[in-house]
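Here is the structure we will look at.
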Amino acid sequence: MSANRDPETVLAAWLDEGPLGLPSETRRAILGALPTTSQARRGPFAPWRLFPMNGYTRLAAVVGLVVLALAGGLFLVGGGQPGPSPSPSPSPVGVDTSTWLDFTSNRHGYSVRYPATLTQQAATRDAALADIAAADPAVWDHFVAGPAATRIIAVSSVVPDDMTIESWTSAWVQTFESGCTPDPATWEPLAVDGYDGFVYSVCNFAEWLGFADGRAYAFTVSEPTGSSATTATRDLLLAVLSTVQIDPSAAPPPAPTTPLPPAMSTPFSSTTFGYEARYPSGWRVARGTTPGSAVDLALGEPVGPARFWDHFEPDQATPGPRLLATSTAIAAGTTEDAWIEAYQEPQIQQAGAACIPARATWQPVTIDGRTGGIYVGCGFVEAITVVNSRVYIFTYLNSSAAQSVIETTGRQMLEAFIATASLQPELVAKPSPASS
Numbered sequence: 000m001s002a003n004r005d006p007e008t009v010l011a012a013w014l015d016e017g018p019l020g021l022p023s024e025t026r027r028a029i030l031g032a033l034p035t036t037s038q039a040r041r042g043p044f045a046p047w048r049l050f051p052m053n054g055y056t057r058l059a060a061v062v063g064l065v066v067l068a069l070a071g072g073l074f075l076v077g078g079g080q081p082g083p084s085p086s087p088s089p090s091p092v093g094v095d096t097s098t099w100l101d102f103t104s105n106r107h108g109y110s111v112r113y114p115a116t117l118t119q120q121a122a123t124r125d126a127a128l129a130d131i132a133a134a135d136p137a138v139w140d141h142f143v144a145g146p147a148a149t150r151i152i153a154v155s156s157v158v159p160d161d162m163t164i165e166s167w168t169s170a171w172v173q174t175f176e177s178g179c180t181p182d183p184a185t186w187e188p189l190a191v192d193g194y195d196g197f198v199y200s201v202c203n204f205a206e207w208l209g210f211a212d213g214r215a216y217a218f219t220v221s222e223p224t225g226s227s228a229t230t231a232t233r234d235l236l237l238a239v240l241s242t243v244q245i246d247p248s249a250a251p252p253p254a255p256t257t258p259l260p261p262a263m264s265t266p267f268s269s270t271t272f273g274y275e276a277r278y279p280s281g282w283r284v285a286r287g288t289t290p291g292s293a294v295d296l297a298l299g300e301p302v303g304p305a306r307f308w309d310h311f312e313p314d315q316a317t318p319g320p321r322l323l324a325t326s327t328a329i330a331a332g333t334t335e336d337a338w339i340e341a342y343q344e345p346q347i348q349q350a351g352a353a354c355i356p357a358r359a360t361w362q363p364v365t366i367d368g369r370t371g372g373i374y375v376g377c378g379f380v381e382a383i384t385v386v387n388s389r390v391y392i393f394t395y396l397n398s399s400a401a402q403s404v405i406e407t408t409g410r411q412m413l414e415a416f417i418a419t420a421s422l423q424p425e426l427v428a429k430p431s432p433a434s435s
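What the sequence shown shows, in numbering that gives the first Met the number 0, is residues 0 to 435, in sequence order.
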């Protein structure tokens with residue numbers, strides 16, 4: 000089952016419903032469909048896991064040159080002081096900003112002026128790098144005139160204590176789409192409000208990235224679908240930047256701690272999938288009825304009754320976290336690696352390899368004394384192990400949560416769930432159908 004992922008349609012829905020109504024996209028799809036990349040699509044199990052577009056290109060040359068530039072003094076960790084060779088400052092380049100409107104973002108710690116013809120929509124959530132990479136529209140400030148018009152977006156994010164500016168920039172580069180990573184030779188130094196940064200143009204957008212007192216800032220101007228960034232795109236960005244005042248102290252500090260997951264207190268036993276576990280009190284359960292093949296499990300169950308998975312979710316009308324569990328026999332002659340590949344391939348085709356980590360990259364996890372692997376995908380966390388030629392899969396997903404929540408709270412909840420699991424293939428009432 001696929002969903003409408005046309006960026007123009009998505010933006011129109013966003014204008015009608017507000018930023019929280021916009022499905023997850025990649026960063027660049029928020030700015031507009033790119034002429035050099037295919038439009039994003041959800042996989043056939045769209046309501047389960049929200050995937051960005053294929054990509055997250057890792058270009059070592061880009062990262063290396065950016066890091067060299069950083070090391071050369073374009074950025075100082077404290078920010079706000081010019082390096083040995085001060086960067087130029089932006090100028091309006093013939094763009095009249097005298098009639099522009101004022102906007103202040105206490106959430107992101109900056110103020111700016113924007114054209115009076117645009118409609119402003121402020122971010123509703125703080126931004127972590129994972130949210131930006133997952134293109135969570137709620138973390139960006141938007142200035143738009145309509146679906147087929149030039150738009151401006153802005154965001155800032157705390158650089159975590161365990162990351163350097165260089166490593167943060169490297170991670171930022173990985174959020175660019177394939178074919179739309181700017182050539183590092185074109186990254187021009189530019190100071191904004193006394194803080195050093197870079198400006199670059201590629202595909203249909205122009206962007207400034209800089210750092211100030213422990214925060215990363217990005218301001219972007221993009222053109223409509225099918226267009227390319229022009230001199231006018233860059234001039235508008237420079238005009239916007241000439242009005243920017245950066246105040247990191249106005250932005251809220253990072254959230255103190257991640258809330259603990261709910262206690263797993265209600266017992267559950269499945270003779271269909273051969274396991275016992277505990278789930279949160281007050282949650283409702285939908286029992287799966289039959290083991291599925293690798294492809295069945297990959298396609299998921301977006302609508303209708305549970306079939307191939309046991310479902311556990313809060314008893315509430317609004318979307319929230321979900322836990323899922325299943326198992327199925329691996330057919331004779333099929334290796335574990337071959338089964339995992341068959342399970343992941345349909346997902347990779349729809350979501351891209353960046354959203355479905357390869358088995359070699361999984362982190363080790365123990366489930367009922369058996370060694371398995373756990374990994375974080377786009378919108379979900381999953382743990383897999385094999386017992387007596389039977390593969391067990393446990394999944395956390397939350398279609399309404401930011402990717403940073405998936406990576407923290409989601410993983411904690413899944414780990415708490417599998418900590419209660421007892422894997423008992425002998426409970427299965429009858430053999431599973433051959434799976435591949």
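Don't be surprised by glycine CBs; every beta carbon is placed ideally from N, CA and C.
Spatial distance of residue i from residue j (CA atoms)
i: residue 292; j: residue 332; result: 15 Å
i: residue 312; j: residue 386; result: 26 Å
i: residue 379; j: residue 97; result: 47 Å
i: residue 202; j: residue 228; result: 6 Å
i: residue 384; j: residue 167; result: 33 Å
i: residue 413; j: residue 394; result: 7 Å
i: residue 180; j: residue 145; result: 26 Å
i: residue 196; j: residue 140; result: 20 Å
i: residue 354; j: residue 397; result: 15 Å
i: residue 336; j: residue 289; result: 23 Å
i: residue 230; j: residue 189; result: 16 Å
i: residue 418; j: residue 215; result: 37 Å
i: residue 348; j: residue 294; result: 12 Å
i: residue 47; j: residue 299; result: With a pLDDT of 38 at residue 47, under the threshold of 50, the modelled position of that residue is not reliable, and no figure is offered here.
i: residue 198; j: residue 174; result: 16 Å
i: residue 249; j: residue 138; result: 16 Å
i: residue 424; j: residue 366; result: 14 Å
i: residue 373; j: residue 87; result: 47 Å
i: residue 78; j: residue 252; result: Only weak support exists for where residue 78 lies, its pLDDT of 38 falling under 50; the value from the coordinates is given anyway. Answer to the nearest angstrom: the Cα atoms are 17 Å apart.
i: residue 207; j: residue 218; result: 5 Å
i: residue 279; j: residue 405; result: 18 Å
i: residue 344; j: residue 334; result: 15 Å
Exposure label - residue i; buried when at least 16 CB within 10 Å
i: residue 370; result: exposed
i: residue 401; result: buried
i: residue 93; result: exposed
i: residue 262; result: exposed
i: residue 71; result: No answer about residue 71 holds up, because its pLDDT of 43 lies below 50 and its placement is not dependable.
i: residue 270; result: exposed
i: residue 225; result: exposed
i: residue 357; result: exposed
i: residue 327; result: buried
i: residue 100; result: exposed
i: residue 346; result: buried
i: residue 281; result: exposed
i: residue 232; result: buried
i: residue 318; result: exposed
i: residue 200; result: buried
Under 7 Å between C-beta atoms of residue i and residue j
i: residue 242; j: residue 157; result: no
i: residue 426; j: residue 273; result: yes
i: residue 322; j: residue 416; result: yes
i: residue 194; j: residue 245; result: yes
i: residue 403; j: residue 129; result: yes
i: residue 305; j: residue 285; result: yes
i: residue 109; j: residue 102; result: no
i: residue 277; j: residue 314; result: no
i: residue 211; j: residue 159; result: no
i: residue 388; j: residue 329; result: yes
i: residue 411; j: residue 260; result: yes
Proximity winner among the options, relative to residue i (alpha-carbon distances)
i: residue 148; options: 323, 278, 220; result: 220
i: residue 342; options: 166, 252, 381; result: 381
i: residue 422; options: 391, 197, 330, 153; result: 391
i: residue 407; options: 127, 117, 113; result: 127
i: residue 469; options: 356, 217, 239; result: This structure cannot settle anything about residue 469, because the visible part of the chain is limited to 0 through 435.
i: residue 125; options: 327, 154, 101; result: 154
i: residue 310; options: 186, 329, 350, 267; result: 267
i: residue 161; options: 213, 278, 209; result: 213
i: residue 376; options: 364, 351, 368, 367; result: 351
i: residue 192; options: 182, 204, 186, 237; result: 237
i: residue 209; options: 222, 223, 186; result: 186
i: residue 325; options: 409, 119, 344, 296; result: 296
i: residue 142; options: 223, 117, 222; result: 117
Residue i Cβ short of 6 Å to the ligand ZN heavy atom set
i: residue 196; result: Judged by which ligands are present, the structure shown has none, so any question about the ligand ZN falls away.
Q | Length at least 3, wholly inside the segment 366-410: the beta strand (DSSP E) runs in chain order | A | If we require 3 residues or more, the beta strand (DSSP E) runs fully inside the segment 366-410 come out as 369-375, 379-386, 389-396.
Q.
Quick check on the DSSP output: what are the complete alpha helix (DSSP H) runs of length 4 or more inside the segment 285-333, in order along the chain?
A. Listed in chain order, the complete alpha helix (DSSP H) runs (minimum 4 residues) inside the segment 285-333 are 293-298.
Q.
Could you tell me which whole alpha helix (DSSP H) segments of length 4 or greater appear in the segment 135-208?
A. Within the segment 135-208, the runs of alpha helix (DSSP H) at least 4 residues long that lie entirely inside it are, in chain order, 164-172.
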